[in-house]
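Residues in the sequence shown are numbered consecutively from 305, following the numbering used here. From the three backbone atoms N, C-alpha and C, an ideal C-beta is built for every residue, glycine too.
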Amino acid sequence: MGGDSMNRRKISLALVVIIMVLAFAPMVNASSNRLLRMGSRGSDVRTLQQKLNSLGYNCGSVDGIFGANTLNAVRNFQRRNGLAVDGIVGPATRSKLYGGSTPSRGGGTSSGGSSSSSSSGKAPITGLLRRGSRGSQVSTLQKRLNALGYNAGSADGIFGVLTYNAVVRFQRANKLAVDGIVGPATIAKLYPSGSSSSGSSGSSGSSKPKPPTKPSTPQHKPPVNNVPLSGLIRMGDRGSQVVTLQKRLNALGYNAGSADGIFGTLTYNAVVRFQRAKKLAVDGIVGPATIAALYPPKNDPGLNNFVEYEVKKDSLKGTTVIVDAGHGGKDPGAVRDGHYEKTFTLDLAKRLQRMLKKAGAEVIMTRTGDTDPGLKNRANKVNEKVLDEEIKRVKNDIAKVEEDIRLSGVTVKGLNGEIEGLEGEITVKINELPEEQGFGDLKDMDISENLGEIMNIIEEKLKELKPETSEGDAGEGSEETGTPEDGSNGEPNTESNGEEKPDSEGLLDQLENIEKKLIRLAEFKSLQKDLGEFKSELQTLKGHKADLANLAGKSRKAEINKKFKDVLDRAKEYHNIIFISIHNNSTGANSQTSASGIRVYYRPTMKVETDDNKLVVYYDGYNDDGRELFARTLNTEMQKKSVFSQKTNKLYNDSDLAVLRDQNVASALVEVGFMNNPNDLALLKRQQTREDIAAGMFEGIRNYFVAIKDKLKNLLAS
305 MGGDSMNRRK
315 ISLALVVIIM
325 VLAFAPMVNA
335 SSNRLLRMGS
345 RGSDVRTLQQ
355 KLNSLGYNCG
365 SVDGIFGANT
375 LNAVRNFQRR
385 NGLAVDGIVG
395 PATRSKLYGG
405 STPSRGGGTS
415 SGGSSSSSSS
425 GKAPITGLLR
435 RGSRGSQVST
445 LQKRLNALGY
455 NAGSADGIFG
465 VLTYNAVVRF
475 QRANKLAVDG
485 IVGPATIAKL
495 YPSGSSSSGS
505 SGSSGSSKPK
515 PPTKPSTPQH
525 KPPVNNVPLS
535 GLIRMGDRGS
545 QVVTLQKRLN
555 ALGYNAGSAD
565 GIFGTLTYNA
575 VVRFQRAKKL
585 AVDGIVGPAT
595 IAALYPPKND
605 PGLNNFVEYE
615 VKKDSLKGTT
625 VIVDAGHGGK
635 DPGAVRDGHY
645 EKTFTLDLAK
655 RLQRMLKKAG
665 AEVIMTRTGD
675 TDPGLKNRAN
685 KVNEKVLDEE
695 IKRVKNDIAK
705 VEEDIRLSGV
715 TVKGLNGEIE
725 GLEGEITVKI
735 NELPEEQGFG
745 DLKDMDISEN
755 LGEIMNIIEE
765 KLKELKPETS
775 EGDAGEGSEE
785 TGTPEDGSNG
795 EPNTESNGEE
805 KPDSEGLLDQ
815 LENIEKKLIR
825 LAEFKSLQKD
835 LGEFKSELQT
845 LKGHKADLAN
855 LAGKSRKAEI
865 NKKFKDVLDR
875 AKEYHNIIFI
885 SIHNNSTGAN
895 SQTSASGIRV
905 YYRPTMKVET
915 DDNKLVVYYD
925 GYNDDGRELF
935 ARTLNTEMQK
945 KSVFSQKTNK
955 LYNDSDLAVL
965 RDQNVASALV
975 EVGFMNNPND
985 LALLKRQQTR
995 EDIAAGMFEG
1005 IRNYFVAIKD
1015 KLKNLLAS
């Protein structure tokens, strides 16, 4: 009995333990398995937001607050995954989100997530650093960010705006939650396993950043695809989401009109064209499928790869862009830490070439390899293109004249003979005219030299004769008698001065016959003249092209060569041709600078000082308006794409640059980053930076052609 009692007590105790474990188990994971809905707060909401963003469902900032943006993102996720669309994150939604696994509390955030001790244990930064933090750890952070190419300003140990912005850029580039707080996840990325902590105490290595090596296994999380649109957007809608939609459509080349936030006819038509191009259901309504096509998932470019910039096919058809990669061959340009300007510029030029070709533009490269064409040959690429177009135009003019000659009934080769024959016939006919009628002077004129005057005399004589003939018609004269007003019986008077009056009708026929031949002769001579002038112009243009090497590159302090002036005058009319020269900046070979960013230069008409201190204008016909417009659109779009620490709206127009001086189309020279700024150089080493900068150039070029097209249209309308 005692044994049975003991066994019963053991069993009872075991049951109590089991019940307590079962009762307590849900509480352990309550924070990660609870229902999340509008108004929920906490680290599990933060984890949810990060997951939704990584899947391309935009829920805005990762702040741990379940608000309207998070609600819309959850609903969109549920809709696309065939779930009940209630905006509540329960077991079914969570299972779809995490593939059946439950996220750990707080995992995945940049500031609060756990990271491996092997990474963070070696890092010289511990704890959390945020806006307002001060001390040696902030100084260490600043040095590390600067060494990696994220400009955090001077390492003064104060976590201010520059440091905050640098942290945000670093987090965005490394696919972390972007909150500007340096926690375990951010520290782990700053100091990945195996990296040194040289940035902690001013080591010499921090001033010469080395490009990050490509990892053998991916270290990046998939990039967050922040989609700024949600819900349905349709005709009649208004607001910021419509503005965002319009800007995106315009950027992709589908004209939605001005981004005024009103979903009207233009926006509707743009949506329809986009849906048709992407093979979507064409209904003009912007729903999940259309939004997904507008903002396709981004691939992870890695450290040494890039995501190719998407351009609309044939959006620049009919335009020509001459792309000049600065330096090359024996001229390396700026050199820093084993990196050459000539290599960066060629890479940027080829990226731009790829985009322009896809958009349908003709692209002419001044170089495609490691060669140095020379300054005047770079500018002459423009002049050669202009002269080629002029030669083509004149050849077309010649072809039209020759066709007119054939249509007139003679061959081109037979035109001169036909003219000589007509001149002979007309001379004979003129000599047959009676001198007493005032044609004596006419017979003394050379028809080849006085054709116009002869035609005027014949025309005047015809005017004199035609009224006289009409008044002498039968049945006219005295209204009462029907007889001539001179009292005669209407018979020819053969006794006046013993001579017979000339036959007026016969003379009229003679003159009309001569007039017809004169008109035909004048037509042939006009064709002969046009053909001769066009052929002469063609020879002039061919001569200009053959002599270009001797025309360009002369002293800017002397008056421009007349032949070269003719080339530049012609170039000004070609609004569909532009020139861009690509360079990197540097303030000195051995110095380090804090100067940063992109500079855009253009050359207007300007005065230069001669050796005897006189101010002269080399050439006064530059396309100043077109050049400034092109420089401005370039600068606007390139600054948008810039990741350098400094940006500017200023245009530089006080440099007499040869590649801009020796040609006359809309043109600009761009300086991309400062190679003796360690942060700029570190960014230039990244393929994605160079792709983005090339994309900025492309958008600047595209916007210029849109602007110039509108400008020319307005001029024609006025």
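_Candidates T444, R435, D460, of which the one nearest V472 by Cα_ = It is R435.
> At what residues does the beta strand (DSSP E) containing D628 begin and finish?
Replying inline: Note, D628: beta strand (DSSP E), 624 to 629.
Task: Unbroken beta strand (DSSP E) run spanning I902, endpoints - done: 902 to 905
Less than 7 angstroms between C-beta atoms, sequence neighbours within five positions excluded: which residues of the same chain meet that for D541? Counting only Cβ-Cβ distances below 7 angstroms, and skipping sequence neighbours, we find F567.
**Study point:** Cβ distance (whole Å) where L872 is taken to contact G930 below 8 angstroms
**Key:** Not confirmed; about 13 angstroms, so no contact.
task: Compare the Cα-Cα distances from Y956 to each of V904, I1005, V969, S895 and report the closest residue.
output: V904
Requested in this report: Would you check if the distance between the CB atom of V253 and the CB atom of I589 is smaller than 8 angstroms?
Outcome: Any property of residue 253 remains undetermined from this structure, which presents the chain solely from 305 to 1022.
Review point. Among N817, T672, Q832, K767, which residue has its Cα nearest to the Cα of E724?
Key: Q832
Check: How about G391 and L375: are their beta carbons less than 8 angstroms apart?
Finding: yes
> Going by alpha carbons, who is nearest to E863 out of T897, G836, V921?
Replying inline: V921
Leaving out the 5 sequence neighbours to the left and right, which residues in its chain are closer than 8 angstroms to K514 when beta-carbon positions are compared?
Bear in mind that the predicted position of K514 carries a pLDDT of just 39, short of 50, making it unreliable; the figure below should be weighed with that in mind. Same-chain partners within the cutoff: there are none.
Span separating the alpha-carbon of R671 from that of A629
7 angstroms
CB-CB length for Q550 against A560, believed under 8 angstroms: 4 angstroms
Exercise for review: Would you kindly work out how many angstroms separate the C-alpha atoms of I626 and V667, rounded to a whole number?
Suggested key: 6 angstroms
Q) For S408, which of helix, strand or coil comes out of DSSP? A) Because the pLDDT of S408 is 41, which lies under 50, any placement of that residue in the model is unreliable, and the question is left without a value.
| query | Between the Cα of L755 and the Cα atoms of R338, K911, A826, which residue gives the shortest distance? | reply | A826
Open item on the list: Whole angstroms are fine: how far does the CA of P677 sit from the CA of Q992?
Closed with: 28 angstroms
Have a look at N1007 and E877 and give me their C-alpha separation to the nearest angstrom.
19 angstroms
- In chain order, what residues of the same chain have a beta carbon less than 6 angstroms from the beta carbon of N735, not counting five sequence neighbours either side? K747
Helix, strand or coil: which one does DSSP assign to E819? In the displayed model, E819 falls within a helix according to three-state DSSP.
Nearest neighbour of L247, chosen from I730, A899, A1011 [CA to CA]:
Here the chain comprises residues numbered 305 to 1022, so residue 247 is not present and cannot be evaluated.
Compare the Cα-Cα distances from G535 to each of N362, V732, Y644 and report the closest residue.
N362
Quick test of the definition: if touching needs 3 or more C-beta pairs under 8 angstroms, does the region 349 to 368 touch the region 567 to 578? No contact exists between the region 349 to 368 and the region 567 to 578.
How long is the line joining the alpha carbons of F610 and D834, rounded to whole angstroms?
57 angstroms
Checklist entry - Cα separation between A899 and H631? => result 22 angstroms
Inter-residue Cα distance where the pair is N939 and A999 | 12 angstroms
task: Pick out whichever of S437, Y402, N455, Q446 has its Cα sitting closest to the Cα of K951.
output: Each of S437, Y402, N455, Q446 was checked against the Cα of K951, and the nearest Cα belongs to N455.
- Task: Sort out for me which residues DSSP pairs F883 with in a bridge.
- Result: I626, S971
Q. In angstroms, rounded to a whole number, what distance separates the CA positions of G744 and E819?
A. 17 angstroms
So the candidates are K770, F381, A653; which of them puts its Cα closest to the Cα of I886? A653
Q) So, are the CB atoms of N889 and F1009 less than 8 angstroms apart? A) no
Which word fits E764, buried or exposed, when buried means at least 16 other C-beta atoms lie within 10 angstroms of its C-beta?
Classification for E764: exposed.
Fill in: Straight-line gap, V686 to A470 (C-alpha atoms, nearest Å)
42 angstroms
| L961: first and last residue of the uninterrupted alpha helix (DSSP H) it sits in | L961 -> no alpha helix (DSSP H), and no H or E assigned at all.
* For K582 and Y599, the rounded distance between their alpha carbons -> 12 angstroms
Taking 8 angstroms as the threshold (C-beta atoms), are T467 and G457 in contact? Yes; because the gap between Cβ atoms is below 8 angstroms, this pair is in contact.
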